[in-house]
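Take a look at the structure below.
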Amino acid sequence: MSRYITNHETGCQIHYRIIFIVFVCLPLDVTEVIEYGLMSIRGESRQRDEDSALCMANIQGISEGKDKVVSFAAVADGMGSGERGEIASKIAVNTLGKNIMGFILEEEISSSKITRLFLNSVREANQMISQYARRNDISSIGTTLTAALIESDKVHVANIGDSRTYLMSKYGNIKNRTKDHSYVQQLVDSGLLKDSEVRKHPRRNIVTKIMDGGEGVEPDLYEWKIVKNEYVLLCCDGLWEALTDEAIEKIVLSGGSPQEIVRSMVKRANEIDGSDNITAIIMKKIEGIEEA
5 MSRYITNHET
15 GCQIHYRIIF
25 IVFVCLPLDV
35 TEVIEYGLMS
45 IRGESRQRDE
55 DSALCMANIQ
65 GISEGKDKVV
75 SFAAVADGMG
85 SGERGEIASK
95 IAVNTLGKNI
105 MGFILEEEIS
115 SSKITRLFLN
125 SVREANQMIS
135 QYARRNDISS
145 IGTTLTAALI
155 ESDKVHVANI
165 GDSRTYLMSK
175 YGNIKNRTKD
185 HSYVQQLVDS
195 GLLKDSEVRK
205 HPRRNIVTKI
215 MDGGEGVEPD
225 LYEWKIVKNE
235 YVLLCCDGLW
245 EALTDEAIEK
255 IVLSGGSPQE
265 IVRSMVKRAN
275 EIDGSDNITA
285 IIMKKIEGIE
295 EA
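Structural data, given as structure tokens:
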């Protein structure tokens, strides 16, 4: 859980988990593209889990004779006054998921269209959060969001806040990851803090950008190449603050199915520091060209 503050200040379970898993089955003659695992647990010191997560693997759409398969996942870490953070995180992942289902029927999928999908979905969800806050007279509500869409040999990522998406090789090493919107990341960028010191910094829970209903909130966008047997990991800060990059890589390298890997990660993070909610999704690409 992170705490949000505005930039000028820099100079977060209810009794059930808000997890949405949608299974979209492919016809028997279509090769499965992605295997995945998902897990979330409530932190020992938390009265509720404000995380929301969504994974839709191997979604197939046919429009105008064109057959397309994409996979999508999102993790959002809500924050706010009262029992409201889970509402913001649910709005974020729900909006992305709904729009993905319509997007798959586009005549042609391209990087520019995926960019527009992410930007429009974030704006729509952010507006819904604003409307909810006004209707319920809430002064503080918001959520992080990290989302990944795998199409062919590309991973398209949108990120706001300090939840993260990682791209990992078949050997477990981290090839790419999103950059946090946080006070400690600003210190790293300015050379005042080492990346290895982020996890222990007393102000590591301060995020500088979230979906809070404010004006002009837009995600950072990434596009990475993915090949066979590589992994995409999405997680909230409850996981990455507890596990170093080396620990994450070691668990992936240990093998097993994506569900076994993500279960090992979440359980290990909870053993090290069970104070925060921990949510993670892993998608593994199981078809396509494999790097040597």
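Going by the numbering used here, the sequence shown opens with residue 5, and the numbers climb by one from there. Glycine included, C-beta positions come from ideal geometry on N, C-alpha and C.
Residue i, buried or exposed, once every other Cβ within 10 Å from all chains shown has been counted against 16
i: D71; result: exposed
i: G259; result: exposed
i: V231; result: exposed
i: R88; result: buried
i: R247; result: Here the sequence assigns Leu to residue 247, which means Arg is not the residue at that position. The residue in question, L247, is buried, as its Cβ has 16 or more Cβ neighbours within 10 Å.
i: N130; result: buried
i: E54; result: buried
i: K229; result: exposed
i: M287; result: buried
i: G69; result: exposed
i: N62; result: buried
i: E90; result: buried
i: S44; result: buried
i: K102; result: exposed
i: G106; result: exposed
i: G47; result: buried
i: Y20; result: Caution is warranted here: a pLDDT of 31 is assigned to Y20, below 50, making its placement in the model unreliable, and no coordinate value can be reported.
i: C29; result: Unreliable positioning characterises C29 in this predicted model, as indicated by a pLDDT of 48, which lies under 50. The coordinate reading is nonetheless provided below. C29 is exposed by the Cβ-count criterion.
i: K289; result: buried
i: S67; result: exposed
i: R138; result: exposed
i: D141; result: exposed
i: R168; result: buried
Backbone secondary structure at residue i - three-state DSSP
i: Y175; result: coil
i: A92; result: helix
i: T147; result: strand
i: D241; result: helix
i: D81; result: strand
i: L109; result: coil
i: T283; result: strand
i: E155; result: strand
i: R203; result: helix
i: K1; result: What the structure shows of the chain is the stretch from 5 to 296, and residue 1 is not part of that stretch, so it cannot be assessed.
i: I210; result: strand
i: T169; result: strand
i: K102; result: helix
First through last residue of the beta strand (DSSP E) which encompasses residue i
i: N62; result: D55 to S67
i: S116; result: No beta strand (DSSP E) contains S116, which is instead part of the alpha helix (DSSP H) from S115 to R139.
i: V161; result: K158 to I164
i: E227; result: D224 to K229
i: E234; result: Unbroken run through E234: none, as it is neither H nor E.
i: M43; result: I38 to I45
Alpha helix (DSSP H) segment containing residue i, residue limits
i: V192; result: Y187 to D193
i: A273; result: P262 to I276
i: L257; result: D249 to L257
Closer than 8 Å is the cut-off here; do at least three beta carbon pairs connect the region 102-116 with the region 172-184?
Remark: fewer than three beta-carbon pairs, one from each stretch, lie closer than 8 Å, so the region 102-116 and the region 172-184 are not flagged as touching.
Is it true that the region 197-207 meets the region 148-160, where meeting means three or more beta-carbon pairs spaced less than 8 Å apart?
A contact between stretches requires three or more CB pairs, one per stretch, nearer than 8 Å, and the region 197-207 fails this requirement with the region 148-160.
Tell me whether the region 207-214 and the region 265-276 touch, counting them as touching only if at least three CB pairs, one residue from each stretch, are closer than 8 Å.
Look at the beta carbons and you see the region 207-214 not touching the region 265-276: under three pairs across the two are nearer than 8 Å.
When you compare the region 261-275 with the region 208-222, are there three or more beta-carbon pairs, one atom per stretch, that lie closer than 8 Å?
Cβ pair count under 8 Å is below three, so no.
I'd like to know if the region 169-180 and the region 136-145 are in contact, where contact means that at least 3 CB-CB pairs between them fall below 8 Å.
Under the three-pair Cβ rule at 8 Å, the region 169-180 does not count as touching the region 136-145.
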